[in-house]
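Colleague: Residue numbers (my numbering): 163 to 380.
Where is the CB? At the ideal position from N, CA and C, for every residue including glycine.
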DNA sequence: AACTCGGGGCA
DNA sequence: TGCCCAGAGTT
């Protein structure tokens, strides 16, 4: 039986081996672009988001331009990302709020970011970590699932998982671990199930695991 | 904490 | 078709 901290150390080593260098999946450093990309990312793969973003930025790369572009045009541009109605309205309202409340700038605090319409804790964390370089550990349902499978948390909520992961990894590793976990889950241990042949952890899974995970069919 | 929303892509 | 995808708002 291993402790949670021991499992975290093993997981960290394994993640570094699997993904020694990690790049940002959404390569937008500009805060506003990243904010838009984050909104589009809901229930949507990042490859699809990356395909759509250049077209959006071409027509509107600032809140003022986005407001002027209008909801209907935004909806056309982001159609292939799914949930286009909601996201178009969200992006439009978000841009209006940025203009009215922050002079067209993206605020640099958690509180202000989370207070924006259409921006929740996870999106705020992404912007804080990747646009502003502040310590944040974005945890979504995928990382939550992985942390549960690896015995890094007992919690049922993503909020508890975020607390546990922040506790298990030093602050300067948060962004790297976040990215590695995203990539790892996608490659080996997704919602469909864990491929025990290629996932070094789930193959033997940590002691304490109740039952084997459904393997992805080849 | 649980529920609702709800669309494109892929097997 | 059924299932999955870098969630947010409301109650």
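Distance, Cα to Cα, residue 245 vs residue 202?
Modeller: Counting from one through the first chain, the residue named residue 245 turns up at place 83. Counting from one through the first chain, the residue named residue 202 turns up at place 40. Near 9 Å, if we compare the C-alpha coordinates of residue 202 and residue 245.
Colleague: Specify the secondary structure class of residue 217 as computed by DSSP and reduced to three states.
Modeller: Position 55 of the first chain holds residue 217. Here residue 217 sits in helix by DSSP.
Colleague: For residue 261, which residues in the same chain have their Cβ closer than 7 Å to its Cβ, ignoring the five residues on either side in sequence?
Modeller: The residue given as residue 261 occupies position 99 in the first chain. Excluding positions up to five away in sequence, the list reads 225, 226 and 229.
Colleague: Near residue 325, which residues of its chain fall below 6 Å by C-beta distance, leaving aside the five closest residues on each side in sequence?
Modeller: Indexing the first chain from 1 puts residue 325 at position 163. For residue 325, where only same-chain residues beyond five positions count, there are no Cβ hits under 6 Å.
Colleague: Could you pull out every residue in the same chain whose Cβ sits closer than 7 Å to the Cβ of residue 317, ignoring the five residues on either side in sequence?
Modeller: Position 155 of the first chain, counted from the first residue, corresponds to residue 317. Here the set comprises 323 and 326.
Colleague: With H, G and I counted as helix, E and B as strand and the rest as coil, what does DSSP make of residue 368?
Modeller: The sequence position of residue 368 within the first chain is 206, counting from 1. With a pLDDT of 45 at residue 368, under the threshold of 50, the predicted position of this residue should be treated as unreliable, and no value is reported.
Colleague: So, using beta-carbon positions, are residue 289 and residue 196 closer together than 8 Å?
Modeller: As a position in the first chain, residue 289 is number 127, starting the count at 1. As a position in the first chain, residue 196 is number 34, starting the count at 1. Yes, the pair counts as a contact, with Cβ atoms nearer than the cut-off.
Colleague: For residue 352, which residues does DSSP report across the bridge?
Modeller: One-based indexing of the first chain puts residue 352 at position 190. As DSSP reads the structure, residue 352 sits in a beta bridge with 355.
Colleague: Looking only at its own chain, which residues have a Cβ that is under 7 Å from the Cβ of residue 219, when we skip the five neighbours before and after it?
Modeller: Numbered from 1 along the first chain, position 57 holds the residue referred to as residue 219. Within the same chain, residue 219 has close Cβ partners 195.
Colleague: If we require 3 or more residues per run, which beta strand (DSSP E) segments fall completely within the region 188-258?
Modeller: none
Colleague: Compare the beta carbon distance of residue 278 and residue 305 with 8 Å and say whether it is the shorter of the two.
Modeller: Residue mapping note: residue 278 aligns to position 116 of the first chain, counting from 1. Residue mapping note: residue 305 aligns to position 143 of the first chain, counting from 1. Result no, Cβ atoms of residue 278 and residue 305 do not sit closer than 8 Å.
Colleague: Does residue 120 come out as helix, strand or coil in the three-state DSSP assignment?
Modeller: For residue 120 there is no data in the structure shown, the boundaries of the chain being 163 and 380.
Colleague: What does the Cβ neighbour count give for residue 171, buried or exposed, with the cut at 16 atoms within 10 Å?
Modeller: Here the question's residue 171 lines up with position 9 in the first chain. Exposed, because fewer than 16 other Cβ atoms sit within 10 Å of the Cβ of residue 171.
Colleague: Taking the alpha-carbon positions, what's the residue 184 to residue 243 distance?
Modeller: Counted from its first residue, the first chain places residue 184 at position 22. Counted from its first residue, the first chain places residue 243 at position 81. Taking the straight line from one Cα to the other gives about 24 Å.
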